[in-house]
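The next block holds one structure in the form of structure tokens; read it before the comments.
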């Protein structure tokens, strides 16, 4: 199945490619653009980007699987990212994740991002959210929350309704 890319997105992508002296250099930017539009990077998108850049699909897939900001599956409308680096782990990020998983009906032992059946929430551990002095730190979409207790996490979830 071929990826159906809207003409405005394709024009934007063509303009991105034109800014680079070597097409391949636009790979990450194209991945961001496609993910921003579709919500994730599908196999069809990988093949489309590869063809656009005159590369093999494996050249794009290796970027998608290396960089944690790219998704190969649709994410929930509200993305909950919990820092798991040392200061946040010591500050309770694992307990926070367990609490949120239980609250949302997700398996606590799931590896990688987990999305609720209704597609409303995706929860995942991420590396440093750059607020090591205020653990545990969590992002809900683009908003950063510090010193997140279970009570504060509940208020954040309520704000998503």
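Residue numbers (my numbering): 810 to 970.
Idealized CB from N, CA, C, for every residue including glycine.
Coarse secondary structure for residue i, derived from DSSP in three states
i: residue 951; result: coil
i: residue 862; result: coil
i: residue 941; result: coil
i: residue 879; result: coil
i: residue 897; result: helix
i: residue 964; result: helix
i: residue 812; result: coil
i: residue 854; result: helix
i: residue 970; result: coil
i: residue 873; result: helix
Residue(s) in a DSSP beta bridge with residue i
i: residue 892; result: 935
i: residue 887; result: 930
i: residue 923; result: 932
Where the alpha helix (DSSP H) containing residue i begins and where it ends
i: residue 910; result: 902 to 913
i: residue 844; result: 836 to 847
i: residue 817; result: 816 to 827
Contact test: residue i Cβ vs the ligand NAD heavy atom, cutoff 7 angstroms
i: residue 925; result: Here there are no bound small molecules, and the ligand NAD is not part of this structure.
Contacting residues, own chain, Cβ-Cβ under 6 angstroms from residue i (five flanking each side not counted)
i: residue 941; result: 896
i: residue 913; result: 925, 930
Contact set for residue i: own chain, Cβ-Cβ below 8 angstroms, skip 5 residues either direction
i: residue 839; result: 822, 825, 826, 858, 861, 862
Query raised in the report: Counting pairs of beta carbons, one from the segment 856 to 867 and one from the segment 903 to 923, are three or more of them closer than 8 angstroms?
Result: no
Query raised in the report: Is the segment 890 to 905 in contact with the segment 846 to 858, if contact means three or more CB pairs nearer than 8 angstroms?
Result: no
Query raised in the report: Does the segment 918 to 926 touch the segment 954 to 967, meaning 3 or more C-beta pairs lie closer than 8 angstroms?
Result: no
Query raised in the report: Within the chosen definition, does the segment 926 to 943 reach the segment 880 to 891 through at least 3 CB pairs nearer than 8 angstroms?
Result: yes
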